[in-house]
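Report on the structure given below.
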Amino acid sequence: MKKILFLLTALFFSFTALIAQSKKDVYLFAYFKNNGQDGLHLAYSKDAYQWAALKNDSSFLKPSVSKDKLMRDPCIIRGADGLFHMVWTVSWKDKGIGYTSSKDLIHWSEQQFLPVMAKEEGTRNTWAPEITYDNDTQTYMIYWASTITGKFPETASTLEDGYNHRIYYLTTKDFKTYSDTKLLYEPGFNVIDASIVKDNGKFIMFLKDETREPAQKNVKIAYADHLIGPYSKASEPITGKYWAEGPTAVKVGNNWLVYFDKYRDHKYGAIQSPDLKNWIDVSDKISLPKGLRHGTILTIKTKELKKLLAQ
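Residue numbers for the sequence shown follow our numbering, beginning at 31 and rising by one.
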């Protein structure tokens, strides 16, 4: 009986969310394909479930920084300054990330390489950066996953090339000057793909437990009162018995929707919840461009979408 009531509640929230959604807002999915060599791809949706690729699924921006010139894991947010700010993974083994900004998601500023881990001796990688803005402090936090050789030996594994990540961060108010890099989240396990949103005064971190022995490879949640933490102990997994990564969350009305890459199955999945505790799988209700890989979701205005559709 409880399960039936929960399903009915979830369906009710989904229906009311669609009605409540502003007619001026459209969902935008920023993603990459293949190895990220051709750059930024965009898709849009009016309901956050059915997605259509823009520009015939060709690149909106080709990568130009770092030796490898990749544009993986793009994260775009609308800043307090009205600009769209984007960060991305530039390489499998570099000590920095890419950054650029845009007024319209079409014309972008000169791409910059941010050497965020250059001072950290033994850094092996800088993966899946994201940006979250804190209205209270008027500060942007950029955060990512890195492995530093020799750190956190208690969770080290020889599998998967011995990577053993933690989440690091720095802050900026203007994308010109940056704080020193610091450790953001050490949950006691190998962790990557953090994605933080604010809701009802709390910061919610969706993250991937990357533990290989015994395998976890699932998405969990942690909470904090402040953007820079401290964050709570990670929750129990909110995804299923498959391997999941790259979570990106969006609140559709009163209902949470979390997308993630079922990367071993070569397809995307989605789960939804009205309370961040009880989740149902809605993977059979979503439709995405073929080959879409790890990215992030934001909202844009209808007039902004029209410009993108004209490309």
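A virtual CB, placed ideally from N, CA and C, is assigned to each residue, including glycine.
Cα-Cα separation between residue i and residue j, rounded to whole angstroms
{"i": "Met116", "j": "Tyr129", "result": "6 Å"}
{"i": "Thr141", "j": "Ile197", "result": "Inspection of the sequence shows that residue 141 is occupied by Gln rather than by Thr. Near 24 Å, if we compare the C-alpha coordinates of Ile197 and Gln141."}
{"i": "His71", "j": "Asp305", "result": "31 Å"}
{"i": "Ala300", "j": "Lys149", "result": "37 Å"}
{"i": "Gln168", "j": "Ser225", "result": "19 Å"}
{"i": "Gly192", "j": "Gln67", "result": "25 Å"}
{"i": "Ala82", "j": "Lys331", "result": "16 Å"}
{"i": "Gly180", "j": "Glu190", "result": "16 Å"}
{"i": "Trp122", "j": "Leu213", "result": "20 Å"}
{"i": "Leu335", "j": "Val56", "result": "7 Å"}
{"i": "Gly276", "j": "Cys105", "result": "11 Å"}
{"i": "Val282", "j": "Ile107", "result": "17 Å"}
Coil, strand or helix - residue i by DSSP
{"i": "Leu237", "result": "strand"}
{"i": "Gly192", "result": "helix"}
{"i": "Asn86", "result": "helix"}
{"i": "Pro319", "result": "coil"}
{"i": "Asp210", "result": "coil"}
{"i": "Glu184", "result": "helix"}
{"i": "Lys123", "result": "coil"}
{"i": "Asp295", "result": "coil"}
{"i": "Lys232", "result": "strand"}
{"i": "Thr46", "result": "With a pLDDT of only 49 at Thr46, under 50, the local geometry of the prediction cannot be trusted, and the value read off the model is given with reservation. Note: Thr46 maps to helix in three-state DSSP."}
{"i": "Thr269", "result": "coil"}
{"i": "Lys92", "result": "coil"}
{"i": "Tyr338", "result": "Before going on, a small fix: residue 338 reads as Leu here, not Tyr. Leu338 falls in the helix class under three-state DSSP."}
{"i": "Ser225", "result": "strand"}
Of the listed residues the options, nearest to residue i (C-alpha basis)
{"i": "Arg102", "options": "Val227, Thr156, Gly109, Ser265", "result": "Thr156"}
{"i": "Pro183", "options": "Phe219, Thr211, Tyr163", "result": "Phe219"}
{"i": "Lys206", "options": "Asp255, Leu322, Pro145, Ala60", "result": "Pro145"}
{"i": "Glu160", "options": "Asn285, Asp98, Tyr199", "result": "Tyr199"}
{"i": "Met147", "options": "Asn165, Trp174, Thr329", "result": "Trp174"}
{"i": "Asp314", "options": "Gln302, Gly112, Lys307", "result": "Gln302"}
{"i": "Trp138", "options": "Gly152, Asn165, Phe90", "result": "Phe90"}
{"i": "Thr202", "options": "Pro267, Ile178, Ala110", "result": "Ala110"}
{"i": "Gly152", "options": "Ile327, Tyr79, Asp311, Ser176", "result": "Ser176"}
Residues that DSSP places opposite residue i in a beta bridge
{"i": "Tyr289", "result": "Thr278, Ala300"}
{"i": "His71", "result": "Tyr61"}
{"i": "Val249", "result": "Lys238"}
{"i": "Met101", "result": "None; Met101 has no bridge partner."}
{"i": "Ser132", "result": "Phe114, Trp138"}
Residue i beta carbon near the ligand NAP (any heavy atom closer than 8 Å)
{"i": "Gly218", "result": "Ligands displayed in this structure: none; no statement on the ligand NAP is therefore possible."}
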